[in-house]
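Before any comments, here is the structure.
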Amino acid sequence: MMISKSSIACLLILASAVTAFVPLIDGGKQMPRVYEGWFDDQIAKQAATAVGKAIAAGKTKIEVNFPPVPNVDEVKFGTPLNQKFGKTIISKDLNVPYKPGSDLSRQLIGYSNIYWAKKIGQAAAGGNVGNIGGKPVCVLTTEPISFNDIKNKGIITRTGAVMSQDARRNGRNGEAIICVNPGGEETWDRLVSAHASPGAPFVVLNNAYSTTYNLGNKRGYEEAYYLKRISKGWVYRAYPGQWQAYLEKPDGKVELLKSYASKPELRDVANLVREESFKRFAINNDRWTPGFGERL
């Protein structure tokens with residue numbers, strides 16, 4: 043059967059379109075797309091793949107950190123993008139209602155982190171309910187959310203508050219812990235002692251602040267998946283890959299500027315990206331200001 047050139051051209055266009063809009067099974071090797079990666083499972087796939095690889099390599103203390111919602115700095119103001127994320131992704135996945143004044147709308151970050159915990163746990167377990175790396179999964183958090191309101195917990199088989207008596211008393215041998223926003227890294231080892239089983243994974247997910255004012259942590263937790271916004275760009279790392287510095291351009295697209303074999307200093311990466319942005323765009327790369335690259 044003969045295939046016309048026009049048919050071949052159409053197939054090639056379709057293939058390129060699919061490649062452009064559908065992330066690979068592992069989410070791809072470059073940093074997730076801004077902001078599509080929050081909506082199309084790219085971040086979920088990348089983070090889960092990285093955590094799975096770290097666990098397979100024998101890592102038991104792991105850090106995962108990325109913006110849990112598209113516009114973290116503006117979450118209190120309810121940007122259209124964050125509202126869309128809450129309504130179309132979080133509400134549907136967790137089966138929690140989203141409307142003005144609802145618990146989900148007021149605690150969007152807290153509920154979003156449970157969504158991400160589900161994604162990391164399920165993918166790392168190979169899709170078997172209740173397992174991460176072949177183990178039952180528990181999610182603990184410091185954030186003010188109601189687990190009773192979450193009708194679809196997926197792979198998560200136990201939930202609780204960090205350092206609560208119930209959470210400590212109900213721990214199971216061999217259980218993997220995903221600990222959401224636990225606080226300063228100087229407390230992490232104490233949390234491991236309180237909640238974790240020997241040799242089982244303990245994942246610190248989306249800690250909201252750093253007491254070292256640098257990238258990642260200094261406690262020896264493997265930064266398996268890391269995405270941080272810096273002035274004029276991003277820092278990205280997915281285990282076992284290198285750390286990468288990206289420039290975010292006025293059109294919202296990103297460009298890789300430099301890769302690092304080991305974790306760089308935050309100030310060095312920030313200076314590199316900021317200077318490159320000014321060299322190319324001067325003052326016209328400001329995502330906040332109308333007429334100067336605004337894109338929020």
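Residue numbers for the sequence shown follow our numbering, so the first one is 43 and each next one is one higher.
Note that beta-carbon positions come from the ideal geometry of N, C-alpha and C, so glycine has one too.
Rounded to whole angstroms, how far is the Cβ of residue i from the Cβ of residue j, which I believe are closer than 8 Å?
i, j, result
"Asn-223", "Asn-256", "That pair is no contact at about 18 Å."
"Tyr-288", "Val-296", "4 Å"
"Gln-88", "Asp-68", "7 Å"
For residue i, which three-state DSSP category applies?
i, result
"Glu-228", "helix"
"Tyr-77", "coil"
"Val-114", "helix"
"Ile-220", "strand"
"Ser-301", "strand"
"Phe-108", "coil"
"Ala-236", "helix"
"Ile-131", "helix"
"Ile-151", "helix"
"Thr-91", "helix"
"Glu-265", "strand"
"Ile-197", "coil"
"Ile-325", "coil"
"Ala-287", "strand"
Measuring CB to CB, does residue i end up less than 8 Å from residue j?
i, j, result
"Ile-162", "Val-245", "yes"
"Ile-104", "Ala-242", "no"
"Gly-27", "Lys-305", "A question about residue 27 goes unanswered here, because the residues of the chain that appear run from 43 up to 338."
"Glu-217", "Thr-253", "no"
"Leu-150", "Val-181", "no"
Nearest to residue i by CA position, among the options, is which residue?
i, options, result
"Ile-197", "Ile-219, Trp-230 and Arg-148", "Ile-219"
"Ile-192", "Asn-326, Ile-104 and Asp-135", "Asp-135"
"Arg-316", "Pro-282, Trp-285 and Val-277", "Val-277"
"Ala-280", "Asp-82, Gly-94, Phe-81 and Trp-80", "Gly-94"
"Gly-143", "Arg-261, Lys-291 and Gly-120", "Gly-120"
"Glu-186", "Pro-178, Lys-195 and Gly-202", "Correcting the residue identity first, residue 186 is Pro in this sequence and not Glu. Nearest of Pro-178, Lys-195 and Gly-202 to Pro-186, Cα basis: Gly-202."
"Gly-225", "Glu-264, Pro-292 and Asn-107", "Asn-107"
"Lys-101", "Thr-183, Arg-75 and Glu-264", "Glu-264"
"Val-311", "Lys-300, Lys-321 and Phe-320", "Lys-300"
"Lys-71", "Thr-229, Thr-199 and Leu-298", "Leu-298"
Any idea if residue i is buried or exposed, counting beta-carbon neighbours within 10 angstroms, 16 or more meaning buried?
i, result
"Gln-84", "buried"
"Ala-99", "exposed"
"Ala-324", "exposed"
"Gln-207", "exposed"
"Phe-63", "Its pLDDT being 48, under 50, Phe-63 is placed unreliably in this model, and the coordinates cannot settle the point."
"Phe-127", "buried"
Between residue i and chain C, is the shortest Cβ-Cβ distance under 8 Å, so that the two count as touching?
i, result
"Ile-162", "Checking the listed chains, one finds no chain C in this structure; it contains a single protein chain."
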